[in-house]
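A.B. asks: Okay, here's the structure, questions in a sec.
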């Protein structure tokens, strides 16, 4: 129980310290995307989401891998800079990296040939798209 409490506390600190832009002057919760509204309503609050990603007693190796991929994505996302194009590219890069990590878990732990084939397709596609994103970011520094 102590270990879980420490993990949850670390997650809370990481979420609280995540460098995200403040809402623009005059922006209301209703003007923000649906996910932000859910966060404001506390239906999927940060602590709840982070707790869902914490390893739990009885989790399979695959579940621990999926949770680690999601935790890494959520805590490693870059701060929004206010440039919609650059923000999209940076956020999608993190999303793609998490998809690759989850697909690698499927390849290592999965049993179903169809699911494993899709995982490999995801890795190939996401790696290609990360290359496109990296090229765009290099040409469009902000």
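Numbering (mature numbering (1 follows the signal peptide of the UniProt record, and there is no 0)), first residue to last: -21 to -1, 1 to 121.
Glycine included, every Cβ here is placed at the ideal spot set by N, Cα and C.
All values reported here derive from a predicted model rather than from experimental measurement.
Can the beta-carbon of residue 102 be found less than 9 Å from the beta-carbon of residue 83?
C.D. replies: By 1-based counting over the chain shown, the position of residue 102 is 123. By 1-based counting over the chain shown, the position of residue 83 is 104. Going by C-beta atoms, residue 102 is nearer than 9 Å to residue 83.
A.B. asks: With a threshold of 16 other CB atoms inside 10 Å of the CB of residue 110, please say whether the residue is buried or exposed.
C.D. replies: Here residue 110 refers to the residue found at position 131 of the chain shown. Residue 110 is exposed by the Cβ-count criterion.
A.B. asks: Within this structure, are the beta carbons of residue 115 and residue 56 separated by less than 9 Å?
C.D. replies: Taking the first residue of the chain shown as 1, we reach residue 115 at position 136. Taking the first residue of the chain shown as 1, we reach residue 56 at position 77. Going by C-beta atoms, residue 115 is not nearer than 9 Å to residue 56.
A.B. asks: Determine, using beta carbons only, whether residue 88 and residue 39 come nearer to each other than 9 Å.
C.D. replies: In the chain shown, counting from the first residue as 1, residue 88 sits at position 109. In the chain shown, counting from the first residue as 1, residue 39 sits at position 60. Yes, they are a contact pair.
A.B. asks: Spatial neighbours of residue 81 within its chain, please: CB distance less than 7 Å, with the 5 preceding and 5 following residues excluded, ordered by chain position.
C.D. replies: What you label residue 81 is simply residue 102 of the chain shown in a count that begins at 1. Counting only Cβ-Cβ distances below 7 Å, and skipping sequence neighbours, we find 45 and 48.
A.B. asks: Exposed or buried, residue 72, counting other C-beta atoms within 10 Å across all chains shown (16 or more means buried)?
C.D. replies: Numbered from 1 along the chain shown, position 93 holds the residue referred to as residue 72. Residue 72 should be labelled buried.
A.B. asks: Would you kindly work out how many angstroms separate the C-alpha atoms of residue 105 and residue 120, rounded to a whole number?
C.D. replies: As a position in the chain shown, residue 105 is number 126, starting the count at 1. As a position in the chain shown, residue 120 is number 141, starting the count at 1. Residue 105 and residue 120: Cα-Cα distance of roughly 22 Å.
A.B. asks: What separation, rounded to the nearest whole angstrom, lies between the Cα atoms of residue 79 and residue 66?
C.D. replies: If you number the chain shown from 1, residue 79 lands on position 100. If you number the chain shown from 1, residue 66 lands on position 87. Taking the straight line joining both Cα atoms gives about 20 Å.
A.B. asks: Does DSSP classify residue 66 as helix, strand or coil?
C.D. replies: In the chain shown, residue 66 corresponds to position 87, counting from 1. In this structure, residue 66 counts as helix in the three-state DSSP scheme.
A.B. asks: Would you mind sorting residue 98 into buried or exposed? The rule is 16 or more other CB atoms within 10 Å of its CB.
C.D. replies: Numbered from its first residue, the chain shown carries residue 98 at position 119. Residue 98 comes out buried.
A.B. asks: Less than 8 Å between the CB atoms is what I'm expecting for residue 108 and residue 75, so what's the real figure, rounded?
C.D. replies: Here residue 108 refers to the residue found at position 129 of the chain shown. Here residue 75 refers to the residue found at position 96 of the chain shown. The pair is a contact, with the Cβ atoms about 6 Å apart (cut-off 8 Å).
A.B. asks: Whose C-beta lies closer than 7 Å to the C-beta of residue 128 among residues of the same chain, with five residues either side of it excluded?
C.D. replies: Within the shown structure, residues of the chain are numbered from -21 to 121, placing residue 128 beyond reach of any answer.
A.B. asks: Grab the span of the alpha helix (DSSP H) containing residue 45 for me, first residue to last.
C.D. replies: In the chain shown, the residue the question calls residue 45 occupies position 66. 40 to 55 is the span of the alpha helix (DSSP H), which, as asked, contains residue 45.
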